[in-house]
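Peer 1:
Protein chains in written order, with the numbering used here: chain X, 1 to 751; chain L, 1001 to 1139; chain V, 2001 to 2128.
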């Protein structure tokens, strides 16, 4: 993405308009927070017949998310201006980003679960477009598709879960569901509903085993990664879990699932971070790790966990977004993100280095940073909960890795001997220096003036843990356990940082991770799906006519068998009147003779005669069963057919070619088809016929249509429109055949 | 071309007219007795086929009132038009009228059945004659 | 009870199915004709075979005789026979033309509209 070639993209009114969106949103939010007390609610009538309203509700947690969405959004829009300075499609990217922002705003402010789902899916869709932005790059395409498939599949699960919850609670609003939660405990559907909701949240927030899409989504342009994949969208799952937490946090199922999955995700992602060399992917791994910690914190039942979630979510956004921008700056300036080739950039990129140091301090949780406050709150939250020792130790390891990664991002690439000639690498433009600097300074300011962030964080924390009273951040310096934990974490982190390369080499040698991990399972499933579709297509769409016919017949026969099995047929076919018995038998003999001859003859002319026998046989039957019109028609048709078929035969060979055919199988099919029709016909005669139409036609034939032949009257008068269509078909068949006939004649001329 | 029997040469054209007359008779009586446009059409096709087999496809084609496709099309058109009077007088389309201006019962339904007759004759005779033409060219 | 009519129908269907399952184009089309006969008979029989007088009023009478057959299926079958015949003619011409063009009367050889690569052809698989 080092765009040094070509002319810079001009800044048009479209850019200004798009930038105005998040700025105006942020301004509106601040104005609202200053003048109106939370929560804000708005309900519009939507589908009153279904009891569905378009309900919006903004409480402290939603307001915190909105602040991140609009505030970081505005800065990302500024940053993208510089980052994509040579990208001719920049305005289009920003338009999608703006759409994403609106979807996020909708998702966090929606109270109606259906609206929540719609906005939730819209964020997945826009994320797909943004990850696949560089669509010429196959990695970007694969990453975009992976992110889409996983988050959309999770979205479907979420929809199911939300609908279940809504049905149990009898309301379509999230706040209503939370309020009705105590009454839902005994409902047997509750575990399934919660599991589905968790599935949706876990896919969105990249929890194990769905974590792998997030690092692969790093093919997106850096502004996108900083905005969607660290600060906002991936927090949506945690937001939803936190939203539901007050209702269900005393359920062991809820607590164990969140703590278990969160811990596993945090540890797994931290371990995998050591296997990466790409700066952005390393940061993405630690993002997954942080998301795991957040899920773990949501799962903790202690009231101060709410404060920890709010503080850490805020702190993470405030240090991770600048660090992503730092990675983007480095990429933009040097053309690489591999930490193997990045050294000593401090001398050429002093501003970026300063940002990295500021954000790195916060990420490592060193004292004098907002990250430290967050870590402190987390530690006390964990201390309050009776946490398993295993989970506790695991989080220390995770934090140590985070410290090491902070070292890599802030120290390793900026210090040491520069690898790049000074002349070739320049500091990035101001539009790329200021936004991360501003965010990092903001984090620093909250450390010294926590009163600025306190009210918002407290409101958010109270939305998660309603029992929380005085969780004021500035009062939380308790050096006793915090500092001990900090020392251990920092010490371990330093070790990891120093031995990073060796650990990386070690981790890289574990090949089974690539072969058997969840990412590999995803690939296998995708390929399996394609193979299944291919096999299925080969099986059914084989291009052989007889095969299609066999398949269709088999399905029909199966249907007939089911019908017969369901209803035993009564048998009641009438005997022919004595005077017609001979005629009917003659008809049957003609048909049987024709049928048997057709099965055995190879000569085509003889075959034609055999089929004619069948036709004449049925004409005889018509004649002696009260249908003289039909008999005449059938006789005439059979006669003309002989002429047509005999002349058409000239274009075939005289004797059928000896083709290899499954004769026995075909005969069996034919036999089964005949038997099936026979069995289906047996009960027919016993059913009372519905003669209402026939009787009406018979009664009105003479009076209304002046005709004594009821059959003819039906054809030309009562059902005249049908007949009109039918003769149109007859005429059209000739029209369709004329080119074919011309082709047959041309062939004669050519021969 | 194989030498033809003089007897057949004489008889078949007569047979052709006879069959056509029978067809018209079947067509006209169809409303009150077995018969009607479809059967009459098929009889006329048989007549054309017989003529074409004996005297050649060109002769049979020349004896048709119109070329096969226009014949079929005119039949469809006739049937289509026979329903219009009802439409213009505010009745449902294809409702038929009867009158006896010249001591003969005439009706729009006869026009309809005539259309069926022409459509069947034209379309199916078209198939027969074209296939026979291909046959004769190859012979 | 008499099984003549159901038997006749079943025989038509069986013979028609056997012929249409053939790979030979001409047999296939003729099979359609035989199958069509069976289906027409079936439609006819669905109006119940009871009284066997034609559904035509005697001169002077102003209603059908009590023993007249059901006229509605007859009207349906009559048009079905003619349409079926027209389509059969079309089928014959089509088969003849196809056999000419493909220089083969084997239905399985008519693969001009199938995707290239024959039966072992693998559809495109998603990129990894």
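Every residue gets a Cβ at the ideal spot worked out from N, C-alpha and C, and that includes glycine. Fair warning: this is a prediction, and the values are worked out from it, not measured in the lab.
What are the boundary residues of the alpha helix (DSSP H) that residue 1046 (chain L) is part of?
Peer 2: Residues 1037-1055.
Peer 1: From residue 384 (chain X) to residue 17 (chain X), what distance separates their C-alpha atoms?
Peer 2: Each residue's alpha carbon lies about 48 Å from the other.
Peer 1: Are any of the Cβ atoms in chain V nearer than 8 Å to that of residue 1034 (chain L)?
Peer 2: Interface residue, yes.
Peer 1: Does DSSP put residue 2108 (chain V) in a helix, a strand or coil?
Peer 2: It is helical.
Peer 1: To the nearest angstrom, report how far apart residue 243 (chain X) and residue 463 (chain X) are at their CA atoms.
Peer 2: For residue 243 (chain X) and residue 463 (chain X), the distance between alpha carbons rounds to 7 Å.
Peer 1: Using a C-beta to C-beta distance shorter than 9 Å, which residues of chain V count as neighbours of residue 1125 (chain L)?
Peer 2: In chain order: nothing, as chain V lies at least about 11 Å away.
Peer 1: Which residues of the stretch 2074-2088 of chain V have a Cβ closer than 9 Å to any Cβ of chain L? Give them in chain order.
Peer 2: Listed in sequence order: 2078, 2079, 2081, 2082, 2085, 2086.
Peer 1: Bridge partners of residue 47 (chain X), per DSSP?
Peer 2: Looking at the DSSP assignment, residue 47 (chain X) forms a beta bridge with X:52.
Peer 1: Where does residue 133 (chain X) land, buried or exposed, given buried means 16+ other C-beta within 10 angstroms?
Peer 2: The residue in question, residue 133 (chain X), is buried, as its Cβ has 16 or more Cβ neighbours within 10 Å.
Peer 1: Which residues mark the beginning and the end of the alpha helix (DSSP H) in which residue 1014 (chain L) is found?
Peer 2: Per DSSP, residue 1014 (chain L) belongs to the alpha helix (DSSP H) from 1006-1029.
Peer 1: Going by DSSP in three states, residue 2065 (chain V) sits in which element: helix, strand or coil?
Peer 2: Coil at residue 2065 (chain V), not helix or strand.
Peer 1: Assuming contact is defined by CB atoms lying nearer than 8 Å, are residue 52 (chain X) and residue 114 (chain X) in contact in what I supplied?
Peer 2: Cβ atoms of residue 52 (chain X) and residue 114 (chain X): closer than 8 Å.
Peer 1: Identify the contact partners of residue 1135 (chain L) in chain X, using a Cβ-Cβ distance below 7 Å as the criterion.
Peer 2: 647, 650, listed in chain order.
Peer 1: Considering just the uninterrupted stretch of the alpha helix (DSSP H) at residue 172 (chain X), what are its terminal residues?
Peer 2: Here residue 172 (chain X) belongs to no alpha helix (DSSP H), and DSSP marks it neither H nor E.
Peer 1: Which residue wins for smallest C-alpha separation from residue 342 (chain X), given the options X:413, X:278, X:355, X:289?
Peer 2: Residue 342 (chain X) has its Cα closest to that of X:413, out of X:413, X:278, X:355, X:289.
Peer 1: Determine the DSSP secondary structure at residue 2056 (chain V), reduced to helix, strand or coil.
Peer 2: Residue 2056 (chain V): strand per DSSP, three-state reduction.
Peer 1: Could you check if residue 2040 (chain V) is buried or exposed, using at least 16 other CB atoms within 10 Å of its CB as the buried criterion?
Peer 2: Buried, by the Cβ-count rule.
Peer 1: Against chain X, does residue 2103 (chain V) count as a neighbour if the rule is that its beta carbon must be under 8 Å from one of theirs?
Peer 2: No - not a single Cβ of chain X is within 8 Å of the one on residue 2103 (chain V).
Peer 1: With a threshold of 8 Å between beta carbons, is residue 2056 (chain V) in contact with chain L?
Peer 2: So, interface residue.
Peer 1: For the stretch 64-123 of chain X, list the alpha helix (DSSP H) runs that are entirely contained and at least 4 residues long, ordered along the chain.
Peer 2: Correct list: 90-109.
Peer 1: What residues from the stretch 1025-1057 of chain L come within 9 Å of chain V, judged by C-beta to C-beta, listed N to C?
Peer 2: Correct list: 1032, 1033, 1034, 1036, 1038, 1039, 1041, 1042.
Peer 1: Hey, is residue 2065 (chain V)'s beta-carbon within less than 8 Å of any beta-carbon in chain X?
Peer 2: Chain X contact via Cβ: absent.
Peer 1: Indicate the three-state DSSP secondary structure (helix, strand or coil) for residue 41 (chain X) in the structure shown.
Peer 2: Here residue 41 (chain X) sits in strand by DSSP.
Peer 1: Excluding five sequence neighbours on each side, which residues of the same chain lie with their C-beta closer than 6 Å to the C-beta of residue 404 (chain X)?
Peer 2: Answer for residue 404 (chain X): 493, 496, 497, listed in chain order.
Peer 1: State yes or no: is the C-beta of residue 661 (chain X) within less than 8 Å of the C-beta of residue 2023 (chain V)?
Peer 2: Going by C-beta atoms, residue 661 (chain X) is nearer than 8 Å to residue 2023 (chain V).
Peer 1: Using a Cβ-Cβ distance cut-off of 8 Å, determine whether residue 1008 (chain L) contacts chain X.
Peer 2: Closer than 8 Å: no.
Peer 1: Please give me, in chain order, every unbroken run of the alpha helix (DSSP H) with length at least 4 that falls completely inside the stretch 243-299 of chain X.
Peer 2: Here the runs fully enclosed are 252-273, 279-299.
Peer 1: Quick check on DSSP: helix, strand or coil for residue 2027 (chain V)?
Peer 2: Three-state result, residue 2027 (chain V): helix.
Peer 1: Count Cβ pairs between the stretch 1118-1136 of chain L and the stretch 737-744 of chain X that sit closer than 8 Å; are there 3 or more?
Peer 2: Result yes; three or more Cβ-Cβ pairs closer than 8 Å.
Peer 1: Just how far apart, CA to CA, sit residue 257 (chain X) and residue 186 (chain X)?
Peer 2: Those two C-alpha atoms are separated by around 19 Å.
Peer 1: So with Cβ pairs under 8 Å, would you call residue 2019 (chain V) a contact of chain X?
Peer 2: So yes, residue 2019 (chain V) belongs to the interface.
Peer 1: Per the contact definition of three or more C-beta pairs closer than 8 Å, is the stretch 1105-1124 of chain L in contact with the stretch 1070-1086 of chain L?
Peer 2: The stretch 1070-1086 of chain L, when compared against the stretch 1105-1124 of chain L, does touch it at the 8 Å Cβ threshold.
Peer 1: Among all the DSSP beta bridges, which residues are the ones paired with residue 58 (chain X)?
Peer 2: Per DSSP, X:40.
Peer 1: Alpha carbon to alpha carbon, how far is residue 63 (chain X) from residue 477 (chain X)? Give it in angstroms, no decimals.
Peer 2: Because residue 477 (chain X) carries a pLDDT of 49, less than 50, the predicted location of this residue cannot be relied on, and no value is offered for it.
Peer 1: Just checking: is the beta-carbon of residue 633 (chain X) within a distance shorter than 8 Å of some beta-carbon in chain V?
Peer 2: Taking Cβ atoms only, chain V reaches closer than 8 Å to residue 633 (chain X), which makes this a yes.
Peer 1: When you compare the CB of residue 694 (chain X) with every CB in chain V, is at least one pair closer than 8 Å?
Peer 2: Taking Cβ atoms only, chain V reaches closer than 8 Å to residue 694 (chain X), which makes this a yes.
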